[in-house]
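Structure first, then comments.
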Amino acid sequence: MSKLALVIDKPFEEQSKTAPHDSILPLVLDGVCFDINGHRLLDRISLTLCHGVRTVLLGPNGAGKSLLLRLCHGLLQPTTGRIQWSDNDSRRLHKKQAMVFQRPVLLRRSVAANVAYALAVKGVSNDRRRPMVARALEEVGLAQLARRPARVLSSGEQQRLALARAWALEPEVLFLDEPTANLDPGATRLIEETINAFHRQGTKIVLVTHDLGQARRHADEIVFLHRGRLVERSMAAAFFKRPRSDEAKAFLAGELLD
Amino acid sequence: MGALPGNREEQPLRIRHPAFRMDVMFTQSFGTAFELIATLDAQLFAIVGLSLQVSVIAVAVAAVIGLPLGAFVAVFDFRGRSAAIALLNTLMGLPPVVVGLIVYLMLSRAGPLGPFGLLFTPTAMVIAQSILVLPIIAALTRQTVADLYGEYTEQLQSLGVGPVRAIPTLLWDGRYSLLTAILAGFGRAIAEVGAVLIVGGNINHVTRVMTTTIALETSKGNLAIALGLGIILLALALAVNAGALFVQGVAQRVEGG
Ligand SMILES: Nc1ncnc2c1ncn2[C@@H]1O[C@H](COP(=O)(O)OP(=O)(O)OP(=O)(O)O)[C@@H](O)[C@H]1O
Ligand SMILES: [Mg+2]
Chain A
1 MSKLALVIDK PFEEQSKTAP HDSILPLVLD GVCFDINGHR LLDRISLTLC
51 HGVRTVLLGP NGAGKSLLLR LCHGLLQPTT GRIQWSDNDS RRLHKKQAMV
101 FQRPVLLRRS VAANVAYALA VKGVSNDRRR PMVARALEEV GLAQLARRPA
151 RVLSSGEQQR LALARAWALE PEVLFLDEPT ANLDPGATRL IEETINAFHR
201 QGTKIVLVTH DLGQARRHAD EIVFLHRGRL VERSMAAAFF KRPRSDEAKA
251 FLAGELLD
Chain B
1001 MGALPGNREE QPLRIRHPAF RMDVMFTQSF GTAFELIATL DAQLFAIVGL
1051 SLQVSVIAVA VAAVIGLPLG AFVAVFDFRG RSAAIALLNT LMGLPPVVVG
1101 LIVYLMLSRA GPLGPFGLLF TPTAMVIAQS ILVLPIIAAL TRQTVADLYG
1151 EYTEQLQSLG VGPVRAIPTL LWDGRYSLLT AILAGFGRAI AEVGAVLIVG
1201 GNINHVTRVM TTTIALETSK GNLAIALGLG IILLALALAV NAGALFVQGV
1251 AQRVEGG
């Protein structure tokens, strides 16, 4: 193949047994490439994401983590290669996924209305929405701010609202793109608690982060990207103890990769 | 159909008259303006009332069409979209007399809409002003919604919101900017004279509005009355703009921009 040592093991694929019978997982990426203007930004990514396993994507800036997340979530289409859920119904696929972006995008409405909107789109009837909104805001500790315009919230609160919106949707898969970048330790802890709650609820977590402590706390498996390539995929404990690729070693040692 | 009232050939403009004095005229016209308002002159009220009525309805019609139209162009990627945007932006500067002329031709006895007998009625003025204002509202809506959609598009896509569903969402979230667009349209409508003059005919008690009265009274040399009405018109425009600023201010403060 290439000079890159492609180090992959398949630690968790067995675990999909615990998945609900109507699961959309596993998600299989097969030779996924993504080009923009002739630049290959993601190169032959093959990867299986399984139920019950928290996947953390690591890699230096520009490695393609956000792009990969968008491709998985269906916001982008691969140039070549295949992205295959175990369900083909696109409406069901939509309803069972949620994504929290690095910079939360909130509607110019109240906190509660932001959550209610997502539920309305999902087709939840008006009278069922109210308790669901309340529970979601409760979950992230925003219940007191329910009536405040979402856009005046602090960035930590906005990120929690984005999580509450995802919470209300009860997704089977949750994609998180650096959800705690720029947040203080307290806000980070609140977000992480919610991520744990998602995991306990049986939501598959796919998390991009630059916070190695966070990666240790939340990863069952690590997917390490470098320059648009999947360089290493290992169980978290093994990855942090003894990364097998040179790129991951250098990354963990805090060296500048290029 | 006859010559339009206010024709210069009938009534020579008296602005060059030797007795004409600028300072006197201003004092007089301010006096007249306040007198007109203070005495609640019935005729004045009819004229101002008709102006408001015609322009408000015209703007409402233009908004009902222009808001979804602008949003549609912003959200959907169709063939000829850039041409549509260029067209909308160009039509923002549509000369009122041209709109008046076209509507006149449509509504005149021989025109396609002639049988409805709408020429020289307030309805004709509403039609003309709607056409005048529509591109303004549609173009400003497109800009607002496009900016908003750029920000929202991935989030909406993630929630499973398609372009059709996105339109009402974006219109609602852009409500403060869109209100400003509508007020801009209203400012244009209430202040224009060319279109309403041509299709309304400035008929006393029927289609006489502020701007046409100003044109007529000026040509008759009744500068005080003309200026008095002009001041009222300005005050209205000022009120509308103040309203727009106020709305923006509230939006900034309450909604966090
Ligand atoms: N729309 C685009 N047009 C051109 N290049 C793009 C585009 N989007 C992403 N890229 C490029 O693709 C590469 C990967 O981007 P991506 O955002 O996925 O990186 P990342 O791993 O998320 O980095 P970071 O840690 O900084 O968020 C970068 O080099 C970026 O410049
Ligand atoms: Mg990124």
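In order, the protein sequences belong to chains A and B. Once you know that position 191 of the first sequence is 191 in our numbering, the rest is easy, because the numbers rise by one and skip nothing. Once you know that position 36 of the second sequence is 1036 in our numbering, the rest is easy, because the numbers rise by one and skip nothing. Don't be surprised by glycine CBs; every beta carbon is placed ideally from N, CA and C.
- Boundaries of the beta strand (DSSP E) harbouring Arg229(A): Arg229 to Met235, taken from the DSSP string.
- As a beta-bridge residue in DSSP terms, Glu221(A) pairs with Thr55(A) and Met235(A).
- Leu76(A) has its Cβ no nearer than 7 Å to any heavy atom of ligand 1.
- Looking only at Val223(A), His210(A) and Arg109(A), the smallest Cα-Cα distance to Thr48(A) is reached by Val223(A).
- Under a criterion of Cβ atoms nearer than 8 Å, no residue of chain A is adjacent to Leu1179(B); the nearest Cβ is some 13 Å distant.
- In summary, Ile36(A) is exposed, with fewer than 16 beta-carbon neighbours lying within 10 Å of its beta-carbon over all protein chains present.
- Residue contact with chain B for Lys95(A): present (Cβ-Cβ distance below 8 Å to some residue of chain B).
- Judged by DSSP secondary structure, Val140(A) falls outside any beta strand (DSSP E) and instead within the alpha helix (DSSP H) spanning Asn126 to Val140.
- When Leu1118(B), Leu1171(B), Thr1218(B) and Ala1189(B) are compared, the shortest CA-CA separation from Leu1094(B) is found for Ala1189(B).
- Judged by the Cβ position, Leu67(A) qualifies as a neighbour of ligand 1 at the 7 Å threshold, a heavy atom of the ligand being closer than this.
- Contact of His73(A) with chain B by beta-carbon distance below 7 Å involves Ser1158.
- Cβ-Cβ separation between Pro1122(B) and Thr1207(B): approximately 6 Å, consistent with a contact (criterion under 8 Å).
- Comparing alpha carbon positions, the residue from Val1145(B), Gly1031(B), Ala1038(B) and Ile1047(B) closest to Leu1233(B) is Ile1047(B).
- Scanning its chain for C-beta atoms nearer than 6 Å, with the 5 sequence neighbours on each side dropped, one finds around Thr1218(B) the residues Ala1226, in chain order.
- Within the same chain, and ignoring the five residues on either side of Pro243(A) in sequence, the residues whose Cβ sits closer than 7 Å to its Cβ are Glu232, Lys249 and Leu252.
- Taking C-beta separations shorter than 7 Å and ignoring five residues to either side along the sequence, the partners of Ser1055(B) in its chain run Gln1129, Phe1186, Ala1189 and Ile1190, following chain order.
- From the listed residues Pro1163(B), Val1075(B), Asn1202(B) and Leu1113(B), the smallest Cα separation to Asp1147(B) is found for Val1075(B).
- Bounds of any alpha helix (DSSP H) do not take in Ala19(A), whose DSSP letter is neither H nor E.
- Inter-residue distance for Arg1109(B) and Arg147(A) is about 58 Å (C-alpha atoms, whole angstroms).
- Not a single heavy atom of ligand 2 lies less than 7 Å from the C-beta of Val111(A).
- The three-state reading of DSSP puts Val1099(B) in helix, counting H, G and I together.
- At a cut-off of 7 Å, the beta-carbon of His210(A) counts as near ligand 1: some heavy atom of the ligand is closer than that.
- Within 7 Å of the C-beta of Gln102(A) there is at least one heavy atom belonging to ligand 2.
- Contact note: Val1254(B) reaches chain A through Pro149 and Val152, using a C-beta cutoff of 9 Å and chain order.
- Against Phe239(A), chain B offers no close residue; the least beta-carbon distance is about 29 Å (beta-carbon pairs closer than 9 Å).
- For Glu1255(B) and Val1247(B), the gap between their C-alpha atoms comes out near 11 Å.
- Around the C-beta of Ile1137(B), 16 or more other C-beta atoms lie within 10 Å, and the residue is accordingly described as buried.
- Among the residues of the region 117-128 of chain A, those with a Cβ less than 8 Å away from any Cβ of chain B are Tyr117, Ala118, Val121 and Lys122, in the order of the chain.
- When distances are taken from the beta-carbon of Ile1037(B) to the heavy atoms of ligand 1, even the shortest one reaches 7 Å or more.
- In this structure Leu93(A) does not touch Ile191(A) by the C-beta definition: roughly 25 Å separates them, more than the 8 Å allowed.
- The nearest non-hydrogen atom of ligand 2 is less than 7 Å from the C-beta of Glu178(A).
- In terms of Cα proximity to Ser86(A), the closest of Gln144(A), Gly156(A) and Leu27(A) is Leu27(A).
- Contact between Pro179(A) and Gln97(A) is absent: CB atoms are separated by about 16 Å, not below the 8 Å threshold.
- Cβ contact annotation for Gly1201(B) (same chain, cutoff 6 Å, sequence separation greater than five): Phe1120 and Thr1207, in chain order.
- One alpha carbon belongs to Ile1231(B), the other to Arg1142(B), and they sit about 33 Å apart.
- Across the region 1134-1164 of chain B, CB contacts with chain A closer than 7 Å involve Glu1151, Tyr1152, Glu1154, Gln1155, Gln1157, Ser1158, Leu1159, Gly1160 and Val1161, in sequence order along the chain.
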